[in-house]
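Here's the structure, in structure tokens; my notes come after.
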Amino acid sequence: MSSVRDLMRWRGLPLGVTSAWGETELQFGEVGGGGPGVLITAGIHGDEGPWGGWAIQKLLARLNADDLQGFVRVAPLANPLAMQADKRNAPVDQLDLNRAFPGDPNGSYTERIAHILASEALDGIDAVIDLHGGGSWCVNAFVFEMAGGGELSRCFPAPFIMPAPDRAVSLTGYARSLGKTVAAVEMGGRSQFEARWAEKIADGLLRALCHVGVIVDSERAPPPIEPPLPVADSIVLRPSLGGIFVPAATAEQIGTIVAGGTLLGQMLHPATYALLEEFRAPYEQTALLLLRPFMAQLEAGAMTYVLAQPNSK
Ligand SMILES: [Zn+2]
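The opening residue of the sequence shown carries number 2 in our numbering; numbering runs sequentially from there.
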């Protein structure tokens with residue numbers, strides 16, 4: 002039996018810009034019918050790149066048409082110009098798509114995408130899963146929990162889970178304000194383990210489709226997982242001076258807990274390589290939610306680590 006990957010109905014809505022990839026469209030794929038309906042998006046932030054879309058493809062390859070009771074709609078390339086530029090936001094207007102909802106049909110490029118996602122993409126949808134980072138410069142290992150969406154988030158085999166900020170201007174925040182069940186996934190990204198993480202995300206998506214009822218045969222779900230560990234007090238570490246970043250914590254350590262004081266990475270002077278600054282684990286038990294696994298030149302203030310501690314409450 003063929004996978005639903007071969008049965009996807011694709012349509013492209015023009016975005017009114019041309020780019021290195023030609024006429025730029027917002028592409029939607031859909032398979033199945035009736036209800037319930039799930040929307041899966043990826044690439045809202047361009048530097049989170051193709052990893053989310055890749056996980057969607059891995060999901061579709063594992064689904065048969067007979068599995069579906071409702072329908073699945075996907076938007077794997079939600080922000081084409083930002084992905085081409087390998088930037089969080091599209092250079093053409095520099096707006097953060099995940100702060101632009103519900104958008105504006107007559108607005109700039111990013112505002113028009115938000116409008117299309119807020120109207121056409123959410124039409125008939127019961128649950129929204131938004132795939133974010135890691136990406137081209139970081140690896141991530143957590144899921145966000147939003148009000149009413151805890152069970153959906155716990156479908157994903159992420160090491161950590163933490164509450165999401167409540168922002169109606171994000172895709173998931175806006176969808177939640179319309180009464181939809183939502184989850185945002187922050188897993189994977191560029192490293193030697195990128196394929197393994199994409200498979201984990203695909204596992205989570207399959208489990209989520211069973212949870213929502215788009216797949217009726219519960220035996221199609223991957224085996225149950227250990228629930229993600231709740232964490233709190235998340236902080237972002239950023240260099241106070243620009244320079245050369247050299248990691249100490251590796252891609253193998255993302256999603257683990259390290260002892261307080263553990264060296265995570267260093268900032269060095271770009272010419273002399275003198276030590277400018279060290280990043281160390283701030284909590285007695287420090288959960289590694291986001292790290293940079295590779296050397297890089299960094300500007301002052303660049304997001305370098307996201308850390309938290311186990312939630313004792
Ligand atoms: Zn993102």
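We treat Cβ as the ideally placed atom computed from N, Cα and C, and that holds for glycine. Just so you know, these numbers come straight off a predicted model, no measurement behind them.
Sheet register partners of residue i (DSSP bridge)
{"i": "N65", "result": "S4"}
{"i": "G302", "result": "Answer is none; G302 lacks a bridge partner."}
{"i": "D131", "result": "T42 and A185"}
{"i": "G30", "result": "W11 and V75"}
{"i": "S171", "result": "For S171, which the question treats as bridged, DSSP gives no partner whatsoever."}
{"i": "I216", "result": "L69"}
{"i": "V259", "result": "T287"}
Closer than 7 Å: residue i CB and nearest ligand 2 heavy atom
{"i": "H46", "result": "Summarising the ligand content, the structure contains ligand 1 and does not contain ligand 2."}
C-alpha gap between residue i and residue j, whole angstroms
{"i": "G33", "j": "R74", "result": "9 Å"}
{"i": "M268", "j": "P311", "result": "27 Å"}
{"i": "L230", "j": "A288", "result": "10 Å"}
{"i": "Q118", "j": "N141", "result": "Looking at the sequence shown, residue 118 is not Gln but Leu. Cα to Cα, the separation comes out at about 25 Å."}
{"i": "R191", "j": "W52", "result": "8 Å"}
{"i": "P164", "j": "A233", "result": "8 Å"}
{"i": "V217", "j": "P223", "result": "13 Å"}
{"i": "N80", "j": "G44", "result": "6 Å"}
{"i": "M147", "j": "I126", "result": "17 Å"}
{"i": "P77", "j": "S109", "result": "21 Å"}
{"i": "V183", "j": "R208", "result": "14 Å"}
{"i": "R100", "j": "K59", "result": "28 Å"}
{"i": "L82", "j": "F246", "result": "27 Å"}
{"i": "R177", "j": "H270", "result": "45 Å"}
{"i": "M304", "j": "V237", "result": "7 Å"}
{"i": "E49", "j": "G135", "result": "6 Å"}
As assigned by DSSP and simplified to three states, the class of residue i
{"i": "D124", "result": "coil"}
{"i": "Y81", "result": "The sequence given here places Pro at residue 81; Tyr does not occur at that position. Looking at P81 - three-state DSSP - the assignment turns out to be helix."}
{"i": "R239", "result": "coil"}
{"i": "R281", "result": "strand"}
{"i": "L179", "result": "coil"}
{"i": "N141", "result": "strand"}
{"i": "G244", "result": "strand"}
{"i": "S154", "result": "helix"}
{"i": "A196", "result": "helix"}
{"i": "T111", "result": "helix"}
{"i": "I202", "result": "helix"}
{"i": "L98", "result": "helix"}
Proximity below 8 Å, CB of residue i to CB of residue j
{"i": "W185", "j": "F157", "result": "Reading off the sequence shown, one finds Ala at residue 185, where the question assumed Trp. No, these two residues do not count as a Cβ contact at 8 Å."}
{"i": "V213", "j": "P37", "result": "yes"}
{"i": "M84", "j": "G30", "result": "no"}
{"i": "L290", "j": "A309", "result": "yes"}
{"i": "L172", "j": "V215", "result": "no"}
{"i": "M188", "j": "P248", "result": "no"}
{"i": "R239", "j": "L265", "result": "no"}
{"i": "H116", "j": "D124", "result": "no"}
{"i": "V18", "j": "L61", "result": "no"}
{"i": "I41", "j": "L179", "result": "no"}
{"i": "A56", "j": "L132", "result": "yes"}
{"i": "L242", "j": "L277", "result": "yes"}
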